[in-house]
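Below: one structure, written as structure tokens.
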């Protein structure tokens, strides 16, 4: 007797035998998962990028680009979150389908590095804010930030953070509202933030401005990966809520829309305020003193719990897949924290920015392939996280080609075509990856790296292995 390994929650197949009959009691409740993921909203980067786009291309162009970005992110993440919740599928597990086991290892490493890079940047902002307020050596504040951030993603501390996040979120939003009022009282109101036109950017240099803004936000499609890893923790009965609120349009209205407004408003109201992450953080501290420091601390503590968690989790997946080592979670957390601290100390920020630009193209291609795969399957052929790695081939040729070829094209465009490459590189990468994957999948007649059918004995062995792993963890 054999079982088909693909399916969905409305069919009875091998995946039901493996895990689908579960009642999701071990999954996160709606509220805590929403609070955990909403911590990402408080990334100072979202405040900065809105201001930077408005300064460069004008407020109207930035608003149009951000509006289109919110729609795009909302639709894509509604699709990815539903699949992830339905199958408990993280980025690494889903990558087995579209890339194969070896490709999934590469995806996990890239995801881990990007999360670690963001932890470096966001942690540096907190350190800069503390140094602005109290003085002292930079390395000392870096160390303090890493030391207090690391325990926050471990066991009981994470449960505590779920509760404190409910307090940190209103502190963050209330802090920015207070900053806007404070700035107007201290410096007076100006409508420059509404009327700023920016420099007209011709098509040959990467324009129009609204498209350049949209492409700029494509550089953080890593959010789609964040969505899958967090959504995999959710309960199926909460799918609609998570699609619309936790990971969907409402999240991005706040993350990109409201944060962007704060960034634009404060940059134009506060004299000499630099449109950068550290500039905005320093401006808040100088404007509001200790309360400004508290806002920065609250915002960066919330976002960095996500960065540290995803960095450690995907570093563990890579280590277990490639080096065949099985270590306790705490070891991977400490290892990723050490890497974060060392990167803070080393003078390699400019290289990290270059690496992020290149990896941003890799992520864009991955997301395009993932969305294309799910849409082409039309709700069928879903692969549950409980399926063991042994049932997947090393590579899915169609997926690997569709991932790397558009990535190379995108990197070349970004590096050598100036403004037009910066705007069109991500767009071309996404379109090419999607089209190439769809074409290769049809011509090669390979829609997954999964070996579809297994014996009843293998299915039982898979289930036993999963249960044993849960017990040991």
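Numbering (the numbering used here), first residue to last: 503 to 975.
For glycine and all other residues, C-beta sits at the position ideal for the given N, C-alpha and C.
So, residue i versus residue j, is the Cβ gap smaller than 8 Å?
i           : j           : result
residue 711 : residue 700 : yes
residue 976 : residue 794 : Absent from the model: residue 976. The displayed extent of the chain is 503 to 975, so no value can be given.
residue 979 : residue 619 : A query on residue 979 cannot be resolved here, the shown segment of the chain reaching from 503 to 975 and no further.
residue 810 : residue 916 : no
residue 976 : residue 572 : This structure does not reach residue 976, given that the chain is present from 503 up to 975, and the question cannot be answered.
residue 670 : residue 803 : yes
residue 607 : residue 820 : yes
residue 799 : residue 538 : no
residue 873 : residue 581 : yes
residue 626 : residue 744 : no
residue 562 : residue 769 : no
residue 600 : residue 879 : no
residue 585 : residue 876 : yes
residue 896 : residue 604 : yes
residue 695 : residue 771 : yes
residue 797 : residue 637 : no
residue 789 : residue 681 : yes
residue 911 : residue 717 : no
residue 823 : residue 610 : yes
residue 861 : residue 612 : yes
residue 554 : residue 777 : yes
residue 633 : residue 643 : yes
residue 894 : residue 602 : yes
residue 532 : residue 891 : no
residue 909 : residue 931 : yes
Look up residue i in the DSSP assignment and give the residues it is bridged to.
i           : result
residue 488 : Nothing can be reported for residue 488, as the shown portion of the chain is limited to 503 through 975.
residue 530 : 736
What is the DSSP secondary structure of residue i, counted as helix, strand or coil?
i           : result
residue 506 : Confidence is the limiting factor: at residue 506 the pLDDT is only 38, short of 50, which leaves the residue's position unreliable and the question unanswerable from this model.
residue 545 : coil
residue 750 : coil
residue 946 : helix
residue 885 : strand
residue 650 : helix
residue 777 : coil
residue 656 : coil
residue 703 : coil
residue 825 : coil
residue 693 : coil
residue 523 : Residue placement at residue 523 is poorly supported in this model, since its pLDDT is 44, which falls under 50; the coordinates still yield a value, given next. Residue 523 falls in the coil class under three-state DSSP.
residue 569 : helix
residue 723 : coil
residue 928 : helix
residue 698 : coil
residue 624 : helix
residue 637 : coil
residue 908 : helix
residue 762 : helix
residue 598 : helix
residue 561 : helix
residue 578 : helix
residue 974 : For residue 974, the predicted model reports a pLDDT of 45, less than 50, meaning its position is unreliable; a value from the coordinates is still stated below. If DSSP states are grouped into helix, strand and coil, residue 974 belongs with the helices.
residue 874 : helix
residue 818 : helix
residue 848 : coil
residue 805 : helix
residue 515 : Confidence in residue 515 is poor, its pLDDT being 32 and thus under 50, which makes the residue's placement unreliable; the coordinate value appears in the next sentence. Here residue 515 sits in coil by DSSP.
residue 711 : helix
residue 919 : coil
residue 899 : helix
Which whole-angstrom value describes the C-beta separation of residue i and residue j, a residue pair presumed to lie in contact below a C-beta threshold of 8 Å?
i           : j           : result
residue 715 : residue 567 : 3 Å
residue 842 : residue 622 : 6 Å
residue 635 : residue 787 : 6 Å
residue 942 : residue 900 : 4 Å
residue 735 : residue 529 : 6 Å
residue 817 : residue 838 : 5 Å
residue 939 : residue 904 : 4 Å
residue 631 : residue 881 : About 47 Å separates the two Cβ atoms, so there is no contact after all.
residue 728 : residue 812 : 7 Å
residue 834 : residue 814 : 5 Å
residue 547 : residue 758 : That belief does not hold up - the Cβ atoms of residue 547 and residue 758 are roughly 11 Å apart, past 8 Å.
residue 535 : residue 748 : 6 Å
residue 737 : residue 949 : Not really, about 28 Å apart at Cβ, beyond 8 Å.
Is the stretch 722-737 touching the stretch 866-879, taking contact as three or more C-beta pairs under 8 Å?
-> yes
Spell out a yes or no on whether the stretch 589-597 and the stretch 755-774 are touching, meaning 3 or more CB-CB pairs, one atom from each, closer than 8 Å.
-> no
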